[in-house]
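Chemist: Note that the working numbering gives residue 105 to position 93 of the sequence shown, counting from 1, and the numbers run on in steps of one.
Positions of the beta carbon are idealized from the N, C-alpha and C atoms, including for glycine.
Here the structure is a predicted model, which means the values were calculated and not measured.
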Amino acid sequence: MSKKPAPKVLVAMSGGVDSSVTAYLLKKKGFDVTGVYLQVWSNQDYLTDCPWRAEIESAQRAAEKIGIPFRSLHVEDEYRTKVVEYMIGGYQQGITPNPDIMCNREIKFGVFLDFAGKENVDSIATGHYAKNSKFKVQNSKLRYKLLKGKDKEKDQSYFLYTLTQEKLAKILFPIGDYQKTKVRKIAKKAKLPNWDRKDSQGICFIGQVELRRFLKEYINPRKGEVITIDGEKIGEHEGIFYYTIGQRHGLDLGSKTGQESYYIVEKRLADNIIVVAKGQDNQRLFHQKLVCNQLNWISGEQPQLPLTCQAKIRYRGEDAECRVSEFDLQEKSGPHKDLLVEFTKPQWAVAPGQSIVFYQNDECLGGGVIDR
Numbered sequence: 013m014s015k016k017p018a019p020k021v022l023v024a025m026s027g028g029v030d031s032s033v034t035a036y037l038l039k040k041k042g043f044d045v046t047g048v049y050l051q052v053w054s055n056q057d058y059l060t061d062c063p064w065r066a067e068i069e070s071a072q073r074a075a076e077k078i079g080i081p082f083r084s085l086h087v088e089d090e091y092r093t094k095v096v097e098y099m100i101g102g103y104q105q106g107i108t109p110n111p112d113i114m115c116n117r118e119i120k121f122g123v124f125l126d127f128a129g130k131e132n133v134d135s136i137a138t139g140h141y142a143k144n145s146k147f148k149v150q151n152s153k154l155r156y157k158l159l160k161g162k163d164k165e166k167d168q169s170y171f172l173y174t175l176t177q178e179k180l181a182k183i184l185f186p187i188g189d190y191q192k193t194k195v196r197k198i199a200k201k202a203k204l205p206n207w208d209r210k211d212s213q214g215i216c217f218i219g220q221v222e223l224r225r226f227l228k229e230y231i232n233p234r235k236g237e238v239i240t241i242d243g244e245k246i247g248e249h250e251g252i253f254y255y256t257i258g259q260r261h262g263l264d265l266g267s268k269t270g271q272e273s274y275y276i277v278e279k280r281l282a283d284n285i286i287v288v289a290k291g292q293d294n295q296r297l298f299h300q301k302l303v304c305n306q307l308n309w310i311s312g313e314q315p316q317l318p319l320t321c322q323a324k325i326r327y328r329g330e331d332a333e334c335r336v337s338e339f340d341l342q343e344k345s346g347p348h349k350d351l352l353v354e355f356t357k358p359q360w361a362v363a364p365g366q367s368i369v370f371y372q373n374d375e376c377l378g379g380g381v382i383d384r
């Protein structure tokens, strides 16, 4: 009787320790593993530090140590059209887009997942701190839940809320059951060459990008007034798209005189004006309600509304108790309809363009984009 072939898996290897340990763990479990570096950017003209050469070298050395094949997949065109243009378009509209979420949806779990299908590979794996849980209800087909990672400090389910049942069926998150400290210990014990490599902090896939310089290549900045909530002009900004709600740094206001710092509470795009208020606890920075749209529910179906759950309005934000309901009675349906989210406690610096992600305890239900 012939032995059943090992299941094939492609691991997105970024050069960091998380994706390298992902590949290592799967190899140990008997998978037929291939490491793949997703090359999305190679133009150094616009970047202060474009690290892809160092990343690919780090990933390749880790793959060699693990003993798996390694290759690069060029997705620069897809990244430019699906992530960079989305990000630039968002800033041009005066909102604060989230390129990491779009990068996951369109590149890692879009282009890369499609590539795996064409290669007749069973699944893909990434180094995300999240869990993919399978379950079955009576005679129904297999279903999947996206759960928070064991390491609550590193949990990345917020960035994964756009996943679907179809995609989760083909995705593995091997380090979701580990603490980050344990992942580094595994890497060190396995003598992976990047076991002590620092975590990346830049825009998804393109490293330590100086955002202002990056945006300047695409958007013509226009100076404008900075005014207080009382209408007093107190300074100038360098371009409205550089700033986000709740921002303090970069305005050079207040700190010079030793006064309480100013925070951005409103961006008036039509007038090219930024409105600020004194103090991090200013009531103008807090909102108890928001409206969101562009929704995705991981189960494939919208839960019954109104829904009582928890929500995050930013990565590493607190899980805030809330009530989700229909916003209006207009004939909108599917992902384009608006939902009203009412929080038990007011939320600080709600930024249009950012994502709101819904949870029930450790389960990520899905999410949408903050509209207003």
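Are the region 136-147 and the region 89-104 in contact at 8 Å, needing three or more beta carbon pairs?
Modeler: With the cut-off at 8 Å, the region 136-147 and the region 89-104 do not touch.
Chemist: Using the DSSP secondary-structure output, state which residues sit across from D44 in a beta bridge.
Modeler: As a first step, residue 44 must be located in the sequence shown, where it is residue number 32. Note: D44 sits in a beta bridge opposite K20.
Chemist: Whose CA, out of L180, Y156, C304, M99, lies closest to the CA of F226?
Modeler: Against the sequence shown, residue 226 aligns to sequence position 214. The option with the nearest alpha carbon to F226 is M99.
Chemist: Determine the closest residue to D163 out of V381, K357, R328, with distance taken between C-alpha atoms.
Modeler: Reading the sequence shown from its first residue, position 151 is the one you call residue 163. Checking every option, the nearest Cα to that of D163 belongs to R328.
Chemist: Could you give the distance in angstroms between the alpha-carbon of E313 and the alpha-carbon of L154?
Modeler: Numbered from 1 along the sequence shown, position 301 holds the residue referred to as residue 313. Numbered from 1 along the sequence shown, position 142 holds the residue referred to as residue 154. Cα to Cα, the separation comes out at about 15 Å.
Chemist: Please work out which residues of its chain come closer than 8 Å, Cβ to Cβ, to I246, disregarding the five sequence neighbours upstream and downstream, and give them in chain order.
Modeler: Numbered from 1 along the sequence shown, position 234 holds the residue referred to as residue 246. The answer, listed in chain order, is V238, I239, T240, L265, Y274, V288.
Chemist: Please list the terminal residues of the continuous beta strand (DSSP E) segment that includes I257.
Modeler: One-based indexing of the sequence shown puts residue 257 at position 245. Taken as a continuous stretch (DSSP letters only), I257 belongs to no beta strand (DSSP E), as it is neither H nor E.
Chemist: List, from N- to C-terminal side, the beta strand (DSSP E) runs of 3 residues or more that fit wholly inside the region 77-118.
Modeler: 82-86
Chemist: Over what stretch of residues does the beta strand (DSSP E) that includes F185 continue unbroken?
Modeler: Taking the first residue of the sequence shown as 1, we reach residue 185 at position 173. DSSP places F185 in no beta strand (DSSP E); its state is neither H nor E.
Chemist: What does the Cβ neighbour count give for S152, buried or exposed, with the cut at 16 atoms within 10 Å?
Modeler: In the sequence shown, residue 152 corresponds to position 140, counting from 1. Exposed, since its Cβ has fewer than 16 Cβ neighbours within 10 Å.
Chemist: Indicate the three-state DSSP secondary structure (helix, strand or coil) for S313 in the structure shown.
Modeler: In the sequence shown, the residue the question calls residue 313 occupies position 301. Sequence check: residue 313 is Glu here, not Ser. Coil at E313, not helix or strand.
Chemist: Does DSSP put W53 in a helix, in a strand, or in coil?
Modeler: Against the sequence shown, residue 53 aligns to sequence position 41. It is coil, neither helix nor strand.
Chemist: Since K157 and E330 are thought to touch, with beta carbons under 8 Å apart, how far apart are those beta carbons, to the nearest angstrom?
Modeler: Taking the sequence shown and counting its residues from 1, the one referred to as residue 157 is at position 145. Taking the sequence shown and counting its residues from 1, the one referred to as residue 330 is at position 318. Not quite, the Cβ-Cβ distance comes to about 22 Å (not below 8 Å), so this is no contact.
Chemist: Would you mind sorting D189 into buried or exposed? The rule is 16 or more other CB atoms within 10 Å of its CB.
Modeler: What you label residue 189 is simply residue 177 of the sequence shown in a count that begins at 1. Result: exposed.
Chemist: Pick from L281, A75, I257: whose alpha carbon is nearest that of V362?
Modeler: Your numbering for residue 362 matches position 350 in the sequence shown. The residue with the shortest Cα to Cα distance from V362 is I257.
Chemist: If you draw a straight line from the alpha carbon of P315 to that of S337, how long is it in whole angstroms?
Modeler: As a position in the sequence shown, residue 315 is number 303, starting the count at 1. As a position in the sequence shown, residue 337 is number 325, starting the count at 1. Their Cα atoms are separated by approximately 10 Å.
Chemist: What would DSSP say about G122, mapped onto helix, strand or coil?
Modeler: The count along the sequence shown starts at 1 and reaches residue 122 at position 110. Note: G122 maps to helix in three-state DSSP.
Chemist: Any heavy atom of the ligand ATP inside 7 Å of the beta-carbon of E118?
Modeler: No copy of the ligand ATP appears in this structure; indeed no ligand is present at all.
Chemist: If I measure Cβ to Cβ from G42 and keep anything under 6 Å in the same chain, skipping five residues before and after, which residues do I get?
Modeler: Here the question's residue 42 lines up with position 30 in the sequence shown. Here the set comprises A18.
Chemist: Roughly how many angstroms lie between the CA atoms of P318 and R335, to the nearest whole one?
Modeler: The count along the sequence shown starts at 1 and reaches residue 318 at position 306. The count along the sequence shown starts at 1 and reaches residue 335 at position 323. Spanning the two alpha carbons is a distance of roughly 7 Å.
Chemist: Using a threshold of 8 Å, state whether the C-beta atoms of F355 and V303 are closer than that.
Modeler: For the purposes of this step, residue 355 is taken as residue 343 along the sequence shown, with counting starting at 1. For the purposes of this step, residue 303 is taken as residue 291 along the sequence shown, with counting starting at 1. No.
Chemist: So, at 6 Å on beta carbons, what are the nonlocal neighbours of L204 in its own chain, with the 5 sequence-adjacent residues on each side left out?
Modeler: Within the sequence shown, the letter at position 192 stands for residue 204. Result list for L204: S32, A74, K77, in chain order.
Chemist: Have a look at D57 and V149 and give me their C-alpha separation to the nearest angstrom.
Modeler: Residue numbering aside, residue 57 sits at position 45 when the sequence shown is read from its first letter. Residue numbering aside, residue 149 sits at position 137 when the sequence shown is read from its first letter. Any reading at D57 must be qualified, since the residue scores a pLDDT of 45, below 50, and its modelled position is unreliable; the value itself is stated next. Whole-angstrom Cα-Cα distance: 53 Å.
Chemist: When the Cα of I187 is compared with those of G379, Y371, V23, T34, which residue comes out closest?
Modeler: Taking the first residue of the sequence shown as 1, we reach residue 187 at position 175. Nearest option by C-alpha distance: T34.
Chemist: Excluding sequence positions up to five away, which residues of its chain have a Cβ less than 6 Å from the Cβ of R462?
Modeler: Nothing can be reported for residue 462: it is not among the residues displayed for the chain, which extend from 13 to 384.
Chemist: Tell me which residue opens and which closes the alpha helix (DSSP H) that F226 is part of.
Modeler: As a first step, residue 226 must be located in the sequence shown, where it is residue number 214. First-last of the alpha helix (DSSP H) with F226: 223-228.
Chemist: Just grab the DSSP bridge partners of F147 for me.
Modeler: Translated into positions along the sequence shown, residue 147 becomes position 135. Paired residues: R155.
Chemist: Give the secondary structure of I68 by DSSP, where H, G and I count as helix, E and B as strand, and everything else as coil.
Modeler: The residue you call residue 68 lines up with position 56 of the sequence shown. Here I68 sits in helix by DSSP.
Chemist: Buried or exposed: A282, going by 16 or more other Cβ atoms within 10 Å of its Cβ?
Modeler: By one-based count along the sequence shown, residue 282 stands at place 270. The residue in question, A282, is exposed, as its Cβ has fewer than 16 Cβ neighbours within 10 Å.
Chemist: Cα separation between E97 and N308?
Modeler: Looking up residue 97 in the sequence shown gives position 85. Looking up residue 308 in the sequence shown gives position 296. Cα to Cα, E97 sits roughly 21 Å from N308.
Chemist: Rounded to a whole number of angstroms, what is the C-alpha to C-alpha distance between H140 and E244?
Modeler: Numbered from its first residue, the sequence shown carries residue 140 at position 128. Numbered from its first residue, the sequence shown carries residue 244 at position 232. Taking the straight line from one Cα to the other gives about 46 Å.
Chemist: Kindly indicate which residue of E131, F124, G79 has the alpha-carbon position closest to the one of A202.
Modeler: Stepping through the sequence shown from its first residue, residue 202 is reached at position 190. Of the candidates E131, F124, G79, the one whose C-alpha sits nearest the C-alpha of A202 is G79.
Chemist: Alpha carbon to alpha carbon, how far is R83 from N132? Give it in angstroms, no decimals.
Modeler: Start at 1 with the first residue of the sequence shown, and residue 132 comes out as number 120. Start at 1 with the first residue of the sequence shown, and residue 83 comes out as number 71. Rounded to whole angstroms, N132 to R83 spans 16 Å at the Cα level.
Chemist: Whose C-alpha, out of K182, K40, P109, F127, is nearest the C-alpha of I382?
Modeler: What you label residue 382 is simply residue 370 of the sequence shown in a count that begins at 1. Ranking K182, K40, P109, F127 by Cα distance to I382 puts P109 first.
Chemist: Smallest Cα separation from K16: which of V23, S26, L37, D44?
Modeler: Here the question's residue 16 lines up with position 4 in the sequence shown. K16 has its Cα closest to that of D44, out of V23, S26, L37, D44.
Chemist: Which residues mark the beginning and the end of the alpha helix (DSSP H) in which I231 is found?
Modeler: The residue given as residue 231 occupies position 219 in the sequence shown. Run containing I231: none; DSSP gives neither H nor E here.
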